[in-house]
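Residue numbers (the working numbering), protein chains in the order written: chain C, 2 to 240; chain G, 2 to 240.
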């Protein structure tokens with residue numbers, strides 16, 4: 002299959018590498034391919050420049066967001082950060098029409114709010130926007146009515162999403178939500194190819210609210226485990 | 002030990018019954034004991050009148066919120082609903098001074114918001130207030146600076162909190178958060194006496210945000226499992 006991954010950050014790279022390993026063709030989307038390739042320093046998250054990653058994964062095909070989306074057979078994984086996702090995806094709505102889009106972003110706003118200065122153990126708590134009565138997943142679906150949006154992958158680090166067996170022998174649970182059954186099935190099939198055996202369909206895309214808001218609990222659990230900087234754990238739904 | 006349980010709803014009753022079973026003296030607090038005892042119809046959640054429960058648990062000692070709190074040896078469990086908790090507890094701040102208060106409420110607001118009418122699979126999504134940049138647990142701690150507040154129990158139904166072995170042989174995780182180590186230890190000791198073996202200390206009370214916001218995910222998981230009306234499951238943190 003030819004799958005598009007939008008984004009070149011650490012999470013997107015996990016999917017790009019895994020999809021190549023599984024024998025897929027991978028088209029990678031970025032805002033400005035030339036600018037992405039010209040960077041020589043690590044980004045603010047400490048991720049090495051994408052050019053170095055590309056040198057190790059030469060089969061990945063770097064294009065603009067729109068060209069990558071259009072080139073995919075039908076499945077697009079969005080690794081665009083939550084703050085930029087609606088705008089970036091709306092700008093290529095025509096290229097995403099008819100495709101399945103898996104969104105795994107948390108709509109964090111990394112700005113210090115003077116009226117809410119309480120520090121968390123992991124620094125100032127990034128605020129979520131939207132939260133509670135809406136979700137990024139639903140916002141993307143409303144902005145892209147011709148695209149089938151699935152929310153998934155968002156409840157843990159992408160490094161463990163693409164390698165579930167690295168945590169507790171894979172005995173943890175992955176969640177999907179969306180308003181289109183066929184698109185959810187594509188996400189579930191992909192997850193099974195990643196090695197997931199416990200995949201719970203939460204139902205409609207409104208459940209993206211709970212998945213995104215779980216970000217605070219995920220951070221707190223990571224702190225409780227002493228894993229502040231990129232957690233290596235999952236949660237299992239125990240019946 | 003003489004433990005106070007504030008509230009007479011379904012969740013509070015789980016703790017009252019379990020604490021009596023474990024041999025504790027239990028003082029139950031309610032706003033107006035006479036009014037509580039005069040009710041003969043189930044409440045809006047379908048819970049039978051408290052008088053019937055009391056007839057089956059005659060050792061439980063029903064008093065006002067303040068008298069119950071003052072009578073406890075030092076441990077108070079608040080089963081007051083999230084919308085009322087800050088006001089009800091502030092009104093008895095003197096009686097709670099020096100005690101440990103375990104709060105397990107979710108600050109749901111059960112009001113329909115015309116601007117956010119999206120229905121969820123489980124009905125209209127109750128809104129959380131506070132959310133994201135504050136939590137009910139922190140609000141209670143600020144309102145009661147002489148009381149040691151612990152947030153716990155909130156991530157699942159109280160029927161499974163007091164009987165962890167009823168879910169997956171007890172192989173799931175309970176969380177605690179709070180700013181006072183000795184108070185957290187009291188909560189942990191209580192949880193161990195309930196049968197919990199996997200108790201994760203998330204850290205400071207700020208982590209109550211994640212625990213309360215997990216309510217949406219909990220509802221969504223319940224829906225995914227086909228358990229809309231009172232879930233019978235837990236989550237296990239898998240390392």
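C-beta atoms are modelled at their ideal positions from N, C-alpha and C, and glycine is treated no differently.
Span of the alpha helix (DSSP H), counted from its first residue to its last, around residue i
i: residue 143 (chain G); result: 137-144
i: residue 85 (chain G); result: Segment: none, residue 85 (chain G) is in no alpha helix (DSSP H) and carries neither H nor E.
i: residue 96 (chain C); result: 94-97
i: residue 70 (chain G); result: 66-72
i: residue 102 (chain G); result: Element bounds for residue 102 (chain G): not the alpha helix (DSSP H) but the beta strand (DSSP E), 101-104.
i: residue 226 (chain G); result: Counting along the chain, residue 226 (chain G) falls outside any alpha helix (DSSP H), and DSSP gives it neither H nor E.
i: residue 5 (chain G); result: Unbroken run through residue 5 (chain G) is the beta strand (DSSP E), 3-7; no alpha helix (DSSP H).
i: residue 235 (chain G); result: No alpha helix (DSSP H) holds residue 235 (chain G); the beta strand (DSSP E) holding it covers 235-239.
i: residue 52 (chain C); result: 51-57
Amino acids of chain G, ordered along the chain, whose beta-carbon sits closer than 7 Å to that of residue i
i: residue 181 (chain C); result: Here the premise fails: no neighbours, minimum Cβ distance about 15 Å.
Where residue i falls, given that 16 or more other Cβ within 10 Å makes a residue buried
i: residue 83 (chain C); result: buried
i: residue 157 (chain C); result: buried
i: residue 229 (chain C); result: exposed
i: residue 161 (chain G); result: buried
i: residue 118 (chain C); result: With a pLDDT of 49 at residue 118 (chain C), under the threshold of 50, the predicted position of this residue should be treated as unreliable, though the coordinate-derived value follows. When all chains shown are included, residue 118 (chain C) counts as exposed.
i: residue 108 (chain G); result: buried
i: residue 110 (chain C); result: exposed
i: residue 5 (chain C); result: buried
i: residue 127 (chain C); result: buried
i: residue 175 (chain C); result: buried
i: residue 166 (chain G); result: exposed
i: residue 85 (chain C); result: exposed
i: residue 208 (chain G); result: buried
i: residue 136 (chain G); result: buried
i: residue 212 (chain G); result: buried
i: residue 9 (chain G); result: buried
i: residue 214 (chain G); result: buried
i: residue 47 (chain G); result: exposed
i: residue 198 (chain G); result: exposed
i: residue 182 (chain C); result: exposed
i: residue 188 (chain G); result: buried
i: residue 98 (chain C); result: exposed
i: residue 193 (chain G); result: exposed
i: residue 92 (chain C); result: exposed
i: residue 240 (chain C); result: exposed
i: residue 13 (chain C); result: buried
i: residue 7 (chain G); result: buried
i: residue 39 (chain G); result: exposed
Residue i: contacting residues in chain C (beta-carbon distance under 9 Å)
i: residue 128 (chain G); result: 133, 134
i: residue 214 (chain G); result: 129, 132, 133, 211, 214, 215, 216, 217, 218
i: residue 162 (chain G); result: Simply none; closest approach about 14 Å.
i: residue 110 (chain G); result: Those within 9 Å of residue 110 (chain G) in chain C number zero; the least Cβ separation is about 10 Å.
Partners in chain C for residue i, counting only beta-carbon separations shorter than 8 Å
i: residue 16 (chain G); result: Correct list: empty, because the minimum Cβ distance to chain C is about 21 Å.
i: residue 144 (chain G); result: Under the 8 Å cutoff, chain C gives no residues; its nearest Cβ is about 15 Å from residue 144 (chain G).
Cross-chain neighbours of residue i in chain G, by beta carbon under 8 Å
i: residue 151 (chain C); result: Going along chain G, no residue has its Cβ under 8 Å from residue 151 (chain C), so there is no contact; the nearest lies around 14 Å.
i: residue 226 (chain C); result: 201, 238, 240
i: residue 141 (chain C); result: What residue 141 (chain C) touches in chain G: nothing, since even the nearest Cβ is about 15 Å away.
i: residue 254 (chain C); result: The structure shown does not extend to residue 254 (chain C), since chain C is modelled only from 2 to 240, so the question has no answer here.
Partners in chain D for residue i, counting only beta-carbon separations shorter than 8 Å
i: residue 239 (chain G); result: This model lacks chain D altogether, as its protein chains are C and G.
Range of the contiguous beta strand (DSSP E) that encloses residue i
i: residue 77 (chain C); result: 76-79
Amino acids of chain G, ordered along the chain, whose beta-carbon sits closer than 9 Å to that of residue i
i: residue 184 (chain C); result: Within 9 Å Cβ-Cβ: nothing; residue 184 (chain C) doesn't reach chain G, min ~17 Å.
i: residue 4 (chain C); result: Within 9 Å Cβ-Cβ: nothing; residue 4 (chain C) doesn't reach chain G, min ~26 Å.
i: residue 89 (chain C); result: Neighbours of residue 89 (chain C) on chain G: none; closest Cβ ~24 Å, over 9 Å.
Complete beta strand (DSSP E) runs within the stretch 13-37 of chain G (minimum length 3 residues, chain order): 26-31
Chain G contacts made by the stretch 190-212 of chain C, where a contact means CB separation under 7 Å: 201, 202, 203, 204, 205, 207, 208, 210, 211, 212
Members of the stretch 164-175 of chain G that neighbour chain C once the beta carbon cut-off is set at 7 Å: 168, 169, 172, 173
Interfacial residues, the stretch 52-86 of chain G to chain C, with Cβ spacing under 7 Å: none
Length-filtered (3 minimum) beta strand (DSSP E) runs lying within the stretch 125-212 of chain C: 149-153, 175-179, 200-204
Selection of the stretch 92-108 of chain G by Cβ proximity to chain C, strictly under 7 Å: none
Selection of the stretch 15-38 of chain C by Cβ proximity to chain G, strictly under 7 Å: Of all residues in the stretch 15-38 of chain C, none places a beta-carbon less than 7 Å from a beta-carbon of chain G.
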